[in-house]
Each structure stands twice: as C-alpha cells, then as structure tokens.
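Peer 1: One structure is given below, represented as structure tokens, and several questions about it will come after.
Numbering (our numbering), first residue to last: 89 to 736.
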C-alpha cells in the first residue's frame, strides 16, 4: 500500500522480528531507528505500547525519543543556517567522506526537486521530522496508561511532548512553507486515502503551532513546564516555560514578516483542495500579536533570572577591551550562562565539537595540530557588515575612511584587536568590539584562556593554507563560536562543548524591538537595542547616529529604524544560524544572497598581494523559488493531494 511519505520512510530500519507488526508500524516507526529507543528494553523482544507505557522509566525513555528528533542545530553540516547561505564559505570541491555536502550545495544554488538537499521532509541526518511528530503523538495518546506516574510529572511530560511536536512543525514550516498539520496519528484501520493529506494555509499552520505552544506553556511548575531547571545534573536542555514562550515569539515574528504577511509572490498558490495557502493581504495585527508574545516571553525570562551575559573571571586578568570581547564570545560559549533561554544538549558533544574544529585555525606556531581546521570561513561581506567603533555602518560614519578601506595600513599600539607593526587593510581598523570578537584575520589576535595568540595566515605562515583541504578560503575565521577553554598541543586537542543556543535573551530582545518598530512605535524599541549595544561596548543608537552618521535622524522613522534593527540583528546574531532565515523572512534574500562572494588572495605571501580581493563565487537566489525547499517529486506522486512549492 502506497501512502504519503510523511508516514512511510523508516520501515527499512525495523528488525526482521517486527515484520509481523507492519500494520502497527504506522504508529511506531519513529522509534525504530533511535539508538536508545524502547525496543532495547522490551521483554522477549516484543514491542507493544503496553510495554512502552508500563511504567515511568519506560515512558520517560519514550519522551527522550521525542527529544532525539530535534535537529542538530549546532552542527555546521546539519544546520543550513551555517553553511547554506552567505555567512560562511568554503573551498570547493569537498569530499563526502568528511562532510555532509547538502548545505554547501544549497549555498551554491544546487538545490533540486528530484533529490532535495537537507530533505527533512523525508530524512536527513537520520531524522525524519514527521516521524518525530508521530512519536510525540504516540506519547500523548498513551501517557495515561502509566500507572506509577505522579500527576505533576505527567503534566510536565505532556507539555514537553506538545512543545516538541510544535517545534518540529515549526522547523518544517520554516523550510517548506505551508505544510500538513499532523495533530493526530491516523488509526491503523484508516484507508489509504486518509493518509493523503493536504497542505494547510500558512496562517492556519502558524495558529496551530502557537496554540500548541500555549497549551505547553500553560500552568506553573506544578502543573506543567518549569520556569527554570532545578535538577541541573540530569535535566539541563529540557524545555522550560521560558523557552516555549520565546520560541512562540520567534514563530509569530516570522509570521508577521514580509515573507508571510502580505506577500503577493504566492498570491495564487493553492493546495490540492483548492485552498489559498498564502493570504496576500498585509495584516498589521500580526505584528501586534508578535510584539505581545515577545513581551510575555521577556517578562517570563526576567522572572526566571535570565539577563544579558557579562564576562567575569577570577583566574585570568583581562583589560576592559578583552572583557567586552568575552562578553560577546562567552554569551555563546559559556555553558548554561544566564543569557541562555534554550540550549540544545542532544548530541551536543558531537555538534559543537565539530563546529569548533571547523571554526578554529592554527593559532600557535609551536603547536600545529591538524584537528583545528579553520574552514568555516566568513566572506568579506560579513567583515563589512559590522559597525565602526562609533556604532554606525561603515558607509554611514562620517569620520571613517570608507573610500580607502581596502588600502594597507600599519597597526599601532592604539589599534585594538591587532598585532602592532603588522600591515592589513583599512577595513580592519577602528571597528566595533563585536567585529574583533566574532572574526579573526591575518594580523588579528585571538584571546584564549591559556594565552593571547597572533593570527598570521599569508602563504607559508602557520595559520594559512598548508594543504589541499581544511583551510579558510576567504582568509577570515569564525572566532565567536570557539570556546575560550579549547586547549591544543601537537598531539592532542581538548574541546569543551557547550549547549547550542537555540534561543538567548539578546535574540529575544531583537525580535521584540523589530515587532515594536513595525507596530509604529520605534521609540519603544530603542531601549532593547541599546542594552545589547551597551554590552558590546557601544553608545546608544540615538547618540551614535546623531553624532557620527551621515543620516543622523535615521532612527526616528519606522523605515530607518527597520534598517538599523536588521543590521543590528545581523551583527549580534552573526554566525549563529539566524541570518539564513532572517534574509528570507525579510524578503531581502534575492538581493543579498545574489551578491558576489569575495575573500582575500590567501595563496600570496606579501602584504600587498595577500590583501587583494578575490572573487570566489557569484551565487544566485531565485525568487520566489528559493524561499522554500522543494518537496521531492516522488512524494508528490505518492500523494497527489500535495502540491509543489512555486518555482520547483
């Protein structure tokens, strides 16, 4: 029997002894491929729901199976936000032996409908998100069978499963646009036609996700999700009420953004049942709804003790400039710091381990260790994104030499973040602290817990290209995501993993500022921007623009502040996987993601030759096609009620 692909992808993973249960597998295939599923603990190797929900221990294992379907967002090869856009570039070709090539192929415009890259609709990285949703449904449908479960524990577990179910719908929605809603699993007696579901309108999907999160976040610590995790040795990474509310805020800000709010690109896009999948009419109330959700989440975060991270250390003496740099870096890399709202721990050792290896280059000439690969390479456009030291864009600062930004200058003892006496381009001088905290380049410095290192990456220098692979193609390095506790020698590398920040407080502040501005209240947005800027060592928006910008009143209008908020978000959230989705929801992707990718001439040995722009690639973002993933052609054949996304 052929059924919709969202129900039929994991049969090949089932042990032969379960073939007799094929009809039952409609409900159970989600767990069969999980390393720690209940199949490992059922007596006599017979898997039934009665065994799974016989007691608290087995039911909790099943809940953790729900968690196991969350994508590895901290892994640069498995999150399109890292390498699927223009925030980080790499040499080409690469080999499949070392990397998942899917995000890099997406970045190069190779996405396709025959065998889509990063195909979470079917399966990618061993995960089928529809399977995860089915697993959550099974849990919710059967948790009442557990006889030794305290009521408050059951309520919490139900809330967790509902949130995960909502989050997996959200992840698919962001990728594919209007999707089917899988609120209940079909009965095992359902006829084949009942499996051939339809895509639902975008607004309906958003409302469903929002409602499900509301249900998950209802109640208090005794009747649902806790506001904070108290059992820190066993429960860190599990969903809290604050995390649920913050993700709801992100969902609603996305739904209010131009891609989903008044977008005429999809005005005639209909589902197989004839329903319009996008409402082409702009609705200002969506921004009000988003702003309200952000404020609720911010208030909950404050009540739970969440606050912007500020660096402090008792064992290392640092100056004020280094403190500011570590404010920025350790807001990401310090485990369970107070800014973190939701950190992913599932397979964290594997995900942030690889992320840090990809990001960190050779920084010590006396300890060359090839496990430090330095291949997660920001292009030159990212270096140009950051502000000047005065907190305004480089092209707006009337005191900064924009025209000569590619001419060489010599570093003096007054220049922060660089090696005195070294030569590098003017682009690298007099920039804001987040530039030096986030990125490294030839002539910059790299502060670590065990010392301060110099980056020298011209030809034949220790940080630069030494072989045919595992090097920075642009000459830039992603410093921000490398934990300062990383330790290396010639023979060993010790990497301290950290929970990947799916949501942190500064992200939530920026979402709120954006929503407030779009409701026509730019003045109310400024305090949230200014708190983030103050942590980064910058003056307020008002002061910086009035004093240094060629457009001193820009922040006083909705349109002007919109540009400021978007750039502020691009800087603050750089290299965290946000830009990829932001450019899409803002509908700026066709322009930004079609701009050329430049780097430095990394195979050269002199200052003059190395600091020469080199065109690496000219991508092309095709709108409206590239806003969403294609659904695989064979899935459309299996279920003709589905329709393909426009352009594919």
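Quick reminder that beta carbons are idealized off the backbone N, C-alpha and C, glycines included.
(1) Quickly, what does DSSP pair residue 685 with across the bridge? List them, please.
(2) Near residue 600, what residues of its chain come up, given a Cβ to Cβ distance below 7 angstroms and the 5 sequence neighbours on each side ignored?
(3) Mind checking which residues open and close the beta strand (DSSP E) that includes residue 539?
(4) Can you give the Cα-Cα distance for residue 454 and residue 460, rounded to whole angstroms?
(5) Which stretch, first to last residue, makes up the alpha helix (DSSP H) that contains residue 294?
(6) Output the distance between the C-alpha atoms of residue 106 and residue 136, rounded to the nearest integer angstrom.
(7) Helix, strand or coil: how does DSSP classify residue 574 here?
(8) Take the Cβ of residue 235 as the centre, count every other Cβ of all protein chains shown within 10 Å, and call the residue buried at 16 or more, exposed below.
(9) Are residue 730 and residue 262 touching if we call contact CB-CB under 8 angstroms?
(10) Our contact map puts residue 415 next to residue 636 with C-beta atoms below 8 angstroms; I'd like the distance itself, whole angstroms only.
(11) Could you work out which residue in 307, 334, 255, 363 is closest to residue 291 when comparing CA atoms only?
(12) Are the C-beta atoms of residue 707 and some chain B residue less than 8 angstroms apart?
(13) Under 8 angstroms by Cβ, that's how I've got residue 707 and residue 195 pegged, so tell me the actual separation to the nearest angstrom.
(14) What residue does the alpha helix (DSSP H) around residue 220 start on, and which one ends it?
(15) Assuming residue 446 and residue 164 are in contact, meaning their beta carbons sit under 8 angstroms apart, how far apart are those beta carbons, in whole angstroms?
(16) Once the 5 residues before and after residue 721 are set aside, which same chain residues still bring their CB inside 7 angstroms of it?
(17) Do you know how far the Cα of residue 516 is from the Cα of residue 181?
(18) Pick out whichever of 396, 505, 411 has its Cα sitting closest to the Cα of residue 402.
(19) Determine, using beta carbons only, whether residue 653 and residue 543 come nearer to each other than 8 angstroms.
(20) Note down the Cα distance separating residue 294 from residue 576, rounded to an integer number of angstroms.
(21) Given that a residue counts as buried once 16 or more other Cβ atoms are within 10 Å of its Cβ, and exposed if not, what is residue 171?
(22) Going by alpha carbons, who is nearest to residue 346 out of 701, 669, 468, 687?
(23) Does the distance from the C-beta atom of residue 594 to that of residue 660 stay below 8 angstroms?
(24) How far does the beta strand (DSSP E) with residue 564 in it extend, from its first residue to its last?
(25) Using CA coordinates, which residue listed in 310, 419, 433 is at the minimum distance from residue 325?
(26) How would you write the range of the beta strand (DSSP E) that residue 588 sits in, first residue to last?
(27) DSSP on residue 169, reduced to helix/strand/coil?
(28) Where in the segment 627 to 674 do unbroken runs of the alpha helix (DSSP H), each at least 4 residues long, occur, reported from the N-terminal end onward?
(29) Whole angstroms are fine: how far does the CA of residue 716 sit from the CA of residue 723?
(30) Please state whether DSSP places residue 470 in a helix, a strand or coil.
(31) Give me whichever residues DSSP pairs with residue 497 in a beta bridge.
(32) Closest by CA to residue 321, which one among 424, 569, 614, 696?
(33) Going by Cα to Cα distance, which pick from 525, 629, 219, 176 is closest to residue 159?
(34) Checking 8 angstroms against the spacing of the C-beta atoms, do residue 396 and residue 623 come in under that value?
(35) Please name the residue, chosen from 644, 677, 186, that lies closest to residue 611 on a Cα-to-Cα basis.
(36) Whole angstroms are fine: how far does the CA of residue 506 sit from the CA of residue 701?
Peer 2: According to the structure shown:
(1) For residue 685, DSSP records a beta bridge to 705.
(2) Taking C-beta separations shorter than 7 angstroms and ignoring five residues to either side along the sequence, the partners of residue 600 in its chain run 379, 382, 383, 386, 616, following chain order.
(3) Per DSSP, residue 539 belongs to the beta strand (DSSP E) from 539 to 542.
(4) When only Cα atoms are considered, residue 454 and residue 460 end up about 14 angstroms apart.
(5) In the DSSP assignment, residue 294 falls within the unbroken alpha helix (DSSP H) covering 290 to 305.
(6) Per-residue confidence for residue 106 stands at a pLDDT of 33, beneath the threshold of 50, marking its modelled position as unreliable; the derived number appears in the next sentence. Distance from the CA atom of residue 106 to the CA atom of residue 136, rounded to whole angstroms, is 10 angstroms.
(7) Secondary structure of residue 574 (DSSP, three-state): coil.
(8) Under this definition residue 235 is an exposed residue.
(9) The answer is no: Cβ separation not under 8 angstroms.
(10) Under the criterion of beta carbons closer than 8 angstroms, residue 415 and residue 636 do not qualify as touching, at roughly 22 angstroms.
(11) The shortest C-alpha separation from residue 291 is found at 363.
(12) Reference to chain B is not applicable here, since this structure consists of a single protein chain.
(13) Separation of the CB atoms of residue 707 and residue 195 is rounded to 7 angstroms, and the pair is thereby assigned contact status at 8 angstroms.
(14) That run of the alpha helix (DSSP H) goes 217 to 230.
(15) Right, their Cβ atoms sit about 5 angstroms apart.
(16) Apart from sequence neighbours up to five positions away, the residues of its chain that approach residue 721 with a beta-carbon distance below 7 angstroms are 201, 202, ordered along the chain.
(17) C-alpha separation (whole angstroms): 29 angstroms.
(18) When the alpha-carbon of residue 402 is set against those of 396, 505, 411, the nearest one is in 411.
(19) At a Cβ-Cβ threshold of 8 angstroms, residue 653 and residue 543 do not count as neighbours.
(20) Cα-Cα distance, rounded: 46 angstroms.
(21) The Cβ neighbour count for residue 171, taken over all protein chains shown within 10 Å, is at least 16; the residue is labelled buried.
(22) Taking only the C-alpha atoms, the option nearest residue 346 is 669.
(23) For the 8 angstroms CB-CB criterion, residue 594 and residue 660 form a contact.
(24) Start and end: 564 to 566.
(25) Of the candidates 310, 419, 433, 433 places its Cα closest to the Cα of residue 325.
(26) For residue 588, the enclosing beta strand (DSSP E) has its first and last residue at 588 to 592.
(27) Shown here, residue 169 sits in a helix according to DSSP, grouped into three states.
(28) The DSSP assignment places complete alpha helix (DSSP H) segments of no fewer than 4 residues inside the segment 627 to 674 at 629 to 636, 646 to 660, 667 to 673, in order along the chain.
(29) If you take the alpha carbons of residue 723 and residue 716, they lie about 16 angstroms apart.
(30) Shown here, residue 470 sits in a helix according to DSSP, grouped into three states.
(31) Within the DSSP secondary-structure output, residue 497 pairs in a beta bridge with 512.
(32) For the options 424, 569, 614, 696, the alpha carbon positioned closest to that of residue 321 is the one of 424.
(33) That would be 219, whose Cα lies nearest to the Cα of residue 159.
(34) Yes, the pair counts as a contact, with Cβ atoms nearer than the cut-off.
(35) Looking at the Cα atoms, 644 is the closest of the given residues.
(36) Cα to Cα, residue 701 sits roughly 20 angstroms from residue 506.
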